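Structure first, commentary second.
Residue numbers (UniProt numbering): 1 to 555.
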């Protein structure tokens, strides 16, 4: 949804936008971005009492308080890292070789300088060859270490991305309709960009655990060899220095975790906004609100810039710990997509439908949009015979039976395999027209004969490129379902195209059960039986009755 605002009040009016239009950032960040815009437009926003109150309200709505627990996401990441134990173990072995070669390089370099001082050419030659060999071994070992650990980290991120995508596909439709406050652009950002952050975090973690311990051990050994006295002094000093450093790094790491989460939210909000505004550019231009959309973009972009600047200033201090803290919000946000309980639970004794004749029974169906509202459907009973076309007309618990089997007792995949759907909003997937029609068999191989038959049956073979609705009908026909649901399938068509579709539907109705949802009387009159839905009850009408009542009905 977009707003049409007068130019002279665009800044103040922005404060009336719902919180979902703003990045979920801290109050200070929200105030700062509005200050930036105020200075840019020469408007003293914060000096106005009503606007200041609106800012406080919006800031409270947009505030974010991260949890105080430490590394809660490592438990989620651990199983995926464990599955990559082979490249991880190989990388750590290469790290051990690298550290060992480094421990030999230092004393050998000292011996080489002594050989130069005494002009011992044989010893100098042997020492130089050994030094070069150790240096080459260290370079190769370092390369293999990084290659193996990156292989493990990227495979870990890949497996997480696949798991999250699978879980998102299993979520209920309400999740994709915006009821949970997560926009589709945010979901896409988490699965793409934030999965890369998880890979960076995993590599940093793997590159720190064993390699750092090995390097510290090698350094301690060298110190004891060179000067036991200095090593003793260092051990005394470390009791004070190391805890202080750990405390400082820990505080900065927790701060970076908050900043990183803020930056991720800002970037996700910016991506979601762009995914919203560009597909609706016709509406934006038609309402002459380009300037308003520019200001909205400035809000999102300035929030993203501010968060990234804060992140950049903090992350280089205590690099390893802070990189883990930086990636922790990405891990949390990714796995949050997998934490849900489906509202549609398949029964353990659900059955598969081998074949369907098309008989549908609706028994005692109740429905209301919200709790406390009058039911839209009140004990609805309806019997649709196989191959029969039924139309429901009337103002806009129970059960539905197909061939005598309650759909709640049918496995979902089996039910969907026998039901085709054509919606009001036609969806086009990337690919050819044939791939769009044969979408069901896209991976296993599209049957071109079925594609041609479906296109011809839908009267779409001649002009399918310019009419997505016909393509959507052909896609449903390609599935060859026993029951076909047409949800406003002809609402976006012109008169000529609708006539062609109705002719196609007449052919389809001869051997299929078709349920048509439509607002046009002509489409309803195609039904063999017509029922009036009024006060939650059904009353059968004749075609002539529909003609006399049509003016007072919402079809």
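Backbone N, C-alpha and C fix where the C-beta goes; we use that ideal spot for every residue, glycine too.
Keep in mind it's a predicted model, so treat the numbers as computed, not measured.
- DSSP places residue 457 in the uninterrupted alpha helix (DSSP H) bounded by 448 to 457.
- Rounded to the nearest whole angstrom, the CA to CA distance from residue 398 to residue 408 is 11 Å.
- Nearest Cα to residue 167 within the set 155, 149, 191 and 145: 191.
- Cβ contact annotation for residue 157 (same chain, cutoff 6 Å, sequence separation greater than five): 195, 198 and 199, in chain order.
- In this structure, the straight-line span from the alpha carbon of residue 402 to that of residue 410 is close to 9 Å.
- With 16 or more other Cβ atoms inside 10 Å of its own Cβ, residue 523 counts as buried.
- With contact defined as three or more Cβ pairs closer than 8 Å, the region 415 to 424 and the region 382 to 394 are not in contact.
- Put simply, the backbone Cα of residue 476 is about 13 Å away from that of residue 501.
- As the crow flies, the alpha-carbon of residue 291 is around 29 Å from that of residue 193.
- Contact annotation: residue 97 and residue 139 have beta-carbon atoms that are not nearer than 8 Å.
- Boundaries of the alpha helix (DSSP H) harbouring residue 413: 412 to 417, taken from the DSSP string.
- Within the DSSP bridge table, the entry for residue 510 names no partner.
- Residue 538 sits in a strand when the DSSP states are folded into three classes.
- Under the DSSP assignment, residue 437 falls outside any beta strand (DSSP E), being part of the alpha helix (DSSP H) whose first and last residues are 433 to 437.
- When rounded, the separation of the alpha-carbon atoms in residue 148 and residue 87 is 5 Å.
- In the three-state DSSP reduction, residue 379 falls in the strand class (E or B).
- Annotation: residue 511 to residue 526 spans about 15 Å, alpha carbon to alpha carbon.
- In this structure, DSSP gives residue 399 an extended state, which the three-state scheme calls strand.
- Counted as a single uninterrupted DSSP element, the alpha helix (DSSP H) harbouring residue 175 occupies residues 173 to 176.
- Per DSSP, the beta bridge partners of residue 531 are 392 and 540.
- Here residue 544 is exposed, its C-beta having fewer than 16 other C-beta atoms within 10 Å.
- The beta carbon of residue 405 is closer than 8 Å to those of 351 and 353 in its chain, skipping five residues each way along the sequence.
- Taking C-beta atoms as the reference points, residue 457 and residue 507 count as a pair closer than 8 Å.
- In this structure, DSSP gives residue 349 a state outside helix and strand, which the three-state scheme calls coil.
- For residue 524, the enclosing alpha helix (DSSP H) starts and ends at 521 to 524.
- In this structure, 376 is the residue among 203, 473, 93 and 376 with its C-alpha nearest to the C-alpha of residue 367.
- Residue 420 is bridged by DSSP to 484.
- Residue 365 places its beta carbon 8 Å or farther from that of residue 531.
- In the structure shown, residue 359 adopts coil according to DSSP, grouped into three states.
- Residues of the same chain with a CB within less than 6 Å of the CB of residue 307, apart from the 5 flanking positions on each side, are 262, 263 and 266 in chain order.
- The three-state reading of DSSP puts residue 369 in coil, since its state is none of H, G, I, E or B.
- For the options 92, 94 and 128, the alpha carbon positioned closest to that of residue 107 is the one of 128.
- Distances from the alpha-carbon of residue 539 to those of 390, 448, 419 and 504 put 390 closest.
- Assigned with DSSP and collapsed to three states, residue 84 falls in coil, not helix or strand.
- Here DSSP, grouped into helix, strand and coil, assigns residue 404 to coil.
- The beta carbon of residue 189 lies closer than 6 Å to those of 268 and 271 in the same chain, with the five residues before and after it left out.
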